[in-house]
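Down below is the structure, laid out as structure tokens.
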Amino acid sequence: MTAIKYRPLAFGVTRALLRDGAPGTQYLRAETPLRPYRERMTDRLHHWAEATPERTFIARRARLADGGTGDWLRVSYAEALQKARAIGQALLARGLNAERPVAILSENGIEHALLALGCLYAGVPYCPVSPPYSLVSQDFDKLRHVLATLTPGLVFAADAARYARAIEATLPTDTDVEIVLAEGELPGRATTSFDALAATVPTPAIDAAMHATGPDTITKFLFTSGSTKMPKAVVNTHRMWCANQQQLRQSIPALGDEPPVLVDWLPWNHTFGGNHNVGIVLDNGGTLYIDEGKPTATGMAETLRNLREIAPTIYFNVPTGFEAIAHAMETDPVLRRNLLSRVKMFFYSGAALSQPVWDSLHRTQEAEVGERIVMGTGLGMTESGPFALYVTGPDVKSGDVGLPAAGIELKLIEVDGKTEVRYRGPNITPGYWRAPDATAEAFDEEGFFSTGDAVKWIDDADIHRGLRFDGRIAEDFKLATGTFVSAGPLRAKIATAGSPYVQDAVLTGINLKEVGALVFTTQKVRQLAGLDAGASMRQVLESAPVQAHFQQVLDQLAAASTGSANRIARLHLMSEPPSIDKGEVTDKGSINQRAVLKHRAALVEALHDGTLPFTLRPR
Numbered sequence: 023m024t025a026i027k028y029r030p031l032a033f034g035v036t037r038a039l040l041r042d043g044a045p046g047t048q049y050l051r052a053e054t055p056l057r058p059y060r061e062r063m064t065d066r067l068h069h070w071a072e073a074t075p076e077r078t079f080i081a082r083r084a085r086l087a088d089g090g091t092g093d094w095l096r097v098s099y100a101e102a103l104q105k106a107r108a109i110g111q112a113l114l115a116r117g118l119n120a121e122r123p124v125a126i127l128s129e130n131g132i133e134h135a136l137l138a139l140g141c142l143y144a145g146v147p148y149c150p151v152s153p154p155y156s157l158v159s160q161d162f163d164k165l166r167h168v169l170a171t172l173t174p175g176l177v178f179a180a181d182a183a184r185y186a187r188a189i190e191a192t193l194p195t196d197t198d199v200e201i202v203l204a205e206g207e208l209p210g211r212a213t214t215s216f217d218a219l220a221a222t223v224p225t226p227a228i229d230a231a232m233h234a235t236g237p238d239t240i241t242k243f244l245f246t247s248g249s250t251k252m253p254k255a256v257v258n259t260h261r262m263w264c265a266n267q268q269q270l271r272q273s274i275p276a277l278g279d280e281p282p283v284l285v286d287w288l289p290w291n292h293t294f295g296g297n298h299n300v301g302i303v304l305d306n307g308g309t310l311y312i313d314e315g316k317p318t319a320t321g322m323a324e325t326l327r328n329l330r331e332i333a334p335t336i337y338f339n340v341p342t343g344f345e346a347i348a349h350a351m352e353t354d355p356v357l358r359r360n361l362l363s364r365v366k367m368f369f370y371s372g373a374a375l376s377q378p379v380w381d382s383l384h385r386t387q388e389a390e391v392g393e394r395i396v397m398g399t400g401l402g403m404t405e406s407g408p409f410a411l412y413v414t415g416p417d418v419k420s421g422d423v424g425l426p427a428a429g430i431e432l433k434l435i436e437v438d439g440k441t442e443v444r445y446r447g448p449n450i451t452p453g454y455w456r457a458p459d460a461t462a463e464a465f466d467e468e469g470f471f472s473t474g475d476a477v478k479w480i481d482d483a484d485i486h487r488g489l490r491f492d493g494r495i496a497e498d499f500k501l502a503t504g505t506f507v508s509a510g511p512l513r514a515k516i517a518t519a520g521s522p523y524v525q526d527a528v529l530t531g532i533n534l535k536e537v538g539a540l541v542f543t544t545q546k547v548r549q550l551a552g553l554d555a556g557a558s559m560r561q562v563l564e565s566a567p568v569q570a571h572f573q574q575v576l577d578q579l580a581a582a583s584t585g586s587a588n589r590i591a592r593l594h595l596m597s598e599p600p601s602i603d604k605g606e607v608t609d610k611g612s613i614n615q616r617a618v619l620k621h622r623a624a625l626v627e628a629l630h631d632g633t634l635p636f637t638l639r640p641r
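The opening position of the sequence shown corresponds to residue 23 in our numbering, with each subsequent residue numbered one higher.
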């Protein structure tokens, strides 16, 4: 058998130390200690502005009059530092602080990035708010909750026209909150232009303010996605961010080999995009090309356009994005050639990547460049900065998460028949903003953060291979028989069996006799149906070809099952997409099982009592 060839990539953490604690408890850490890290991320902006002043820090395509996008607008490190000092001076003059921070409503953008740097420089916390709370939501309840939690002194939106409705609904006209806009005006309201902030003349006060910041200074608030409750504001500090970047560099040494080039759409209101990826660029003197595409039927065209033009050195995405890229590379030689020309690794997070997608990527890579690109992944969360675990070698399988990064200690504790992983280290949040009860509940008696994630060993006989993800403990449930259902692995099996037509699945059957599945499909299912483009999603899903295909998927799953705990006894295809307002889905596309079950309780009941039309059963 021919050995698999991978593009060379070093792995920095490959060995671990395990010790036993109380019965049912073990502690795991990397054998390699965490090396010293910086006190503040703004030091890196200074460093690169002096060392490589002309290098592009961030770029975004220009907006054209017809709504399209043109050439790249670039901001160098020297320009970014100059703007950060000017904006920081403006924020100081307004007396903003942690009690009156900055709220950024807009998507990723140059103004967003410069305002964030200005906040970091002045020591004023900021919060990138999920754009769908303003642009998709109909009731704005989550946006109101965010603003009530933060009590901001300044709110920024890039485009007055797009954000006017949200601002009008959540900020009264007599508010003392300053509204800053990059484009447009709000009739009847006093607003400040972003250009006015950026034109402020810096004084020695802003440099003194920057030097007064330190490891415990709050950099930003990132809200959790929220499930059955409103989102919580996770406190992020310079210590968290700087420690996490050092952990990343020790786990993935390639980050420090050369300035990284990223082509990235991941939203900055999430820790993956805003901390992990922006941090990688800023800490290592790289360049971030803002990708205004998304892994959707309409958004992928822009992403593919960007990847044909800009060759990343490392490429990050979520599983749905990699699925679309894998499909496109099969027939797009320009995309294959450019994307694979110098990329050192791919990296996914946010959900499970199905093995068929993985296999497709590897086939294309071997055909184009004669070797595979390592698909890195790991485990983490907003509260861990996010980087916590990372795989230990190139031979990665779906579900592998690896070993803890240097400096973080894992507590592996038996909970309800599974092993929960808990975190302790310098990259862990000090808590939730203005939520002392939630903070106290999140940490155990030894100061470990309780993640709710379950893990198991890849190889019980070799701890150095690391851990596998074993689902969310809160999503697991029991049938009426007392049989325990492990939801995460079973959802992954459905996604793999139904690829490329399955986005995700929600499992049903709590305290019932059988496991059911509500399946959310991808837009590719329209091709399977063969109907006119104007057909509704309900018509598509109820069409004979789609029903026949998913009947085969269900039969295959049933044939491979070993008992009631992993046998899907009934399946329904969901024509109504998951709701952001109800917390059923995040803007990265991750499905929240608990929220779907709560808000679709009547449908779940009909699924199990046999009254729901177009319910599939194994034959």
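Note that beta-carbon positions come from the ideal geometry of N, C-alpha and C, so glycine has one too.
Supposed close pair residue i, residue j - CB separation, criterion 8 Å
| i | j | result |
| --- | --- | --- |
| E442 | I495 | 6 Å |
| V97 | I132 | 6 Å |
| N328 | N297 | The Cβ separation is near 22 Å, so there is no contact. |
| K254 | Y454 | 4 Å |
| G407 | W263 | 7 Å |
| T608 | S247 | 4 Å |
| L540 | H486 | L540 to H486, Cβ: 39 Å. No contact. |
| V575 | G520 | 5 Å |
| K515 | Y49 | Actually they are not in contact, since the Cβ atoms of K515 and Y49 sit about 31 Å apart, beyond 8 Å. |
Residue i classed as buried or exposed, judged by whether at least 16 other C-beta atoms fall within 10 angstroms
| i | result |
| --- | --- |
| P194 | exposed |
| T173 | exposed |
| V618 | buried |
| F216 | buried |
| Q160 | exposed |
| I240 | buried |
| T353 | exposed |
| Q525 | buried |
| F369 | buried |
| V158 | exposed |
Residue i vs residue j beta-carbon contact at 8 Å
| i | j | result |
| --- | --- | --- |
| A509 | N533 | no |
| V146 | L169 | no |
| Y412 | S612 | no |
| G34 | P317 | no |
| A106 | L67 | yes |
| G307 | R77 | yes |
| V300 | T404 | no |
| A84 | L95 | yes |
| P341 | V379 | yes |
| T171 | R364 | no |
| K478 | D459 | no |
| A100 | P75 | yes |
| T543 | R592 | no |
| S152 | A188 | no |
| G402 | A410 | yes |
| E207 | A182 | yes |
| D417 | G488 | no |
Bridge-paired residues (DSSP) for residue i
| i | result |
| --- | --- |
| T206 | Residue identity differs from the one stated: residue 206 is Gly in this sequence, not Thr. In the DSSP output, where bridge partners are listed per residue, G206 has none listed. |
| I80 | V97, L310 |
| H594 | L540 |
| S215 | L203 |
| R394 | Y28 |
| K478 | R490 |
| N119 | R122 |
Residue i - DSSP class collapsed to helix/strand/coil
| i | result |
| --- | --- |
| R641 | coil |
| W287 | coil |
| Y185 | helix |
| K433 | strand |
| E655 | Residue 655 is absent from the structure shown; the chain starts at 23 and stops at 641. |
| L50 | strand |
| F243 | strand |
| R444 | strand |
| S197 | It is worth fixing the name first, because residue 197 is Thr in this sequence and not Ser. Three-state result, T197: coil. |
| G343 | helix |
| N258 | strand |
| N588 | helix |
| K164 | helix |
| T64 | helix |
| F368 | strand |
| K500 | strand |
Heavy atom of the ligand ATP within 7 Å of residue i beta-carbon
| i | result |
| --- | --- |
| E207 | In the structure on display, the ligand ATP does not appear, and there are no ligands present to speak of. |
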